[in-house]
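A short worksheet on the structure shown next.
Residue numbers (mature numbering (1 follows the signal peptide of the UniProt record, and there is no 0)): -30 to -1, 1 to 314.
Put into structure tokens, the structure is as follows:
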């Protein structure tokens, strides 16, 4: 974040000349150090990654140092910054040079690319057919998608949840304007849903797991029933990818290898740091999380077939008016197979 420039009087400016000269010298020195951090001058490249929280293979990589060990081969190290969450703010952080990589959905990526494309996509995970979908409370009179007519459905604007709702409505022949979309941030929706202020909630695994385990909810339609093309994707800041392709390749290799380990034994990657407190996965949630985790795909390179499905999502968003124009995703795809250390 840049500090606003404040105007000074000529006298104050003169008095600060020497200080400014020293600051410029220090800045130049810092820039020289940063410039050498490209794997060629011996200094480590810093890869800024959203903090992974308490579960998942990245959380384990943070705890045991295995991600840093993997990046060391590319003369890089990780710096955990912020927290993993919705892709829209992460895309803004990538564009503002406050973050280097982030994971989100292809739906959110399309929406972000429609605004300011400062990133490229380098890995994909096939749609989560089990963990995402449209939730209703147990005992709800809503039994099928057509029953949503005249009802309120909580969605996050322009991302996974809005896509899931619109996709389900289209598949079942329900006009989108017959269902009221209530736009809420995903992390602020559970209370609204639990209190009955909305009739349904379109969401993904992070939020569906506790809702199913603790709040008496179930999927009216999951990702498979919806026919979702909602891939998870990894994005990298464009300038970072150009300067440090070997680091992106090493990071991808870690994602692919350790994602496969987590899929084989999801329970081993829950509650990495603590089994108590607000970030802990409860015993009831663990059973749901393990079930969904075993069905989840592993991070892989983006193939031509994947790119074609991305294009379908982009066209769907344009047709539904989520984006004002049709977004061409292809120019923002990075072939990880071509990167040093990538394509495992």
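Just so it is clear, CB atoms sit at the ideal spot from N, CA and C, and this is done for glycine as well.
Which same chain residues, not among the five before or five after residue 2, have their C-beta less than 8 Å away from its C-beta? The sequence position of residue 2 within the chain shown is 32, counting from 1. Because the pLDDT at residue 2 is just 35, under 50, the model does not fix this residue reliably, and the value given afterwards should be weighed accordingly. Setting aside the 5 residues that flank it on each side, residue 2 has no residue in the same chain whose C-beta is closer than 8 Å to its C-beta.
Take the Cβ of residue 74 as the centre, count every other Cβ of all protein chains shown within 10 Å, and call the residue buried at 16 or more, exposed below. By 1-based counting over the chain shown, the position of residue 74 is 104. Using a 10 angstroms sphere on the CB of residue 74, the tally of other CB atoms reaches 16 or more, which defines it as buried.
Might you give, ordered along the chain, the residues of its own chain that have their beta carbon closer than 7 Å to the beta carbon of residue 24, omitting 5 neighbours on each side? Position 54 of the chain shown, counted from the start, is the residue given in the question as residue 24. Answer for residue 24: 241, 242, 243, 244, 249 and 250, listed in chain order.
Assign residue 273 to buried or exposed, taking buried as 16 or more other Cβ atoms, counted over all protein chains shown, within 10 Å of its Cβ. Along the chain shown, one-based indexing puts residue 273 at 303. With fewer than 16 other CB atoms across the displayed protein chains lying within 10 angstroms of its CB, residue 273 is exposed.
Apart from the five residues on each side of it in sequence, which residues of its chain come closer than 6 Å, Cβ to Cβ, to residue 148? Residue mapping note: residue 148 aligns to position 178 of the chain shown, counting from 1. Excluding residues up to 5 positions away in sequence, 119 lie with their Cβ nearer than 6 Å to the Cβ of residue 148 in the same chain.
Straight-line CA distance for residue 59 to residue 86? Along the chain shown, one-based indexing puts residue 59 at 89. Along the chain shown, one-based indexing puts residue 86 at 116. Cα to Cα, the separation comes out at about 12 Å.
Based on Cα-Cα distance, which residue from 88, 255, 203 and 220 lies nearest to residue 45? Walking along the chain shown from the start, residue 45 turns up at place 75. When each option's Cα is compared against that of residue 45, the closest is 220.
Same chain only: Cβ atoms within 6 Å of residue 230, ignoring 5 sequence neighbours per side: Reading the chain shown from its first residue, position 260 is the one you call residue 230. Contacts found: 268.
How would you call residue 200, buried or exposed, if buried means at least 16 neighbouring beta carbons within 10 angstroms? If you number the chain shown from 1, residue 200 lands on position 230. That one is buried.
Does the beta-carbon distance from residue 69 to residue 22 come in below 9 Å? Within the chain shown, numbered from 1, the residue matching residue 69 stands at position 99. Within the chain shown, numbered from 1, the residue matching residue 22 stands at position 52. No, the Cβ-Cβ distance between residue 69 and residue 22 is not below 9 Å.
With a threshold of 16 other CB atoms inside 10 Å of the CB of residue 270, please say whether the residue is buried or exposed. Taking the first residue of the chain shown as 1, we reach residue 270 at position 300. Buried, because 16 or more other Cβ atoms sit within 10 Å of the Cβ of residue 270.
Where residue 74 sits in the DSSP three-state scheme: Within the chain shown, residue 74 is the residue found at index 104, counting from 1. Residue 74: strand per DSSP, three-state reduction.
Spell out the partners DSSP gives residue 173 in its beta bridges. Indexing the chain shown from 1 puts residue 173 at position 203. When beta bridges are read from the DSSP output, residue 173 appears opposite 103.
Pairing CB atoms from the stretch 110 to 129 with CB atoms from the stretch 184 to 192, are three or more of them under 8 Å? Yes: the two stretches touch, three or more of their Cβ pairs being nearer than 8 Å.
At which residue ranges does the stretch 197 to 259 contain complete alpha helix (DSSP H) runs of 4 or more residues, listed in the order of the chain? Runs found: 208 to 213 and 215 to 234.
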